[in-house]
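Worksheet: the structure to be examined is printed underneath.
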Amino acid sequence: MLNFEQRKKETLAQAWLCFQSLLKEGPDLGMDNNLFAQAFCMSLEGPSRLYLDRSARGSFLNLTAKPGMHL
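Numbering follows the working numbering, with no gaps: position 38 of the sequence shown is 18.
Structure follows, in structure tokens:
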């Protein structure tokens, strides 16, 4: 999960669905949801990350996992 990367031309929504699928299908890593949210955010290409930050009304990384995962 920490090595996840958004593919070129993949939308933010597509990347999120892929990330969620990997979370569900993979083994329990025993990681906090905040770390998963951070890993996802850091994996995004510039425009997607900017959109995510705008949706969060600031930095997405400043949100806790629960509101961040629902964005």
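Think of the CB as a built atom: it goes at the ideal place given N, C-alpha and C, for glycine as much as any other residue.
Span separating the alpha-carbon of residue i from that of residue j
{"i": "Glu5", "j": "Ala17", "result": "17 Å"}
{"i": "Asp33", "j": "Phe20", "result": "12 Å"}
{"i": "Asn(-17)", "j": "Ala36", "result": "23 Å"}
For residue i, the nearest candidate out of the options (CA to CA)
{"i": "Leu24", "options": "Asp12, Phe40, Leu3 and Pro7", "result": "Phe40"}
{"i": "Asp8", "options": "Met(-19), Asn42, Gln(-6) and Leu32", "result": "Met(-19)"}
{"i": "Phe(-1)", "options": "Asn42, Gly38 and Gln(-14)", "result": "Gln(-14)"}
{"i": "Ala(-5)", "options": "Met22, Asn42 and Asn13", "result": "Met22"}
The region 28 to 39 / the region -10 to 2 touching (three or more Cβ pairs under 8 Å) = yes
Quick one: which unbroken alpha helix (DSSP H) runs of 4-plus residues sit fully inside the region 20 to 46? Chain order, please.
-> 26 to 35
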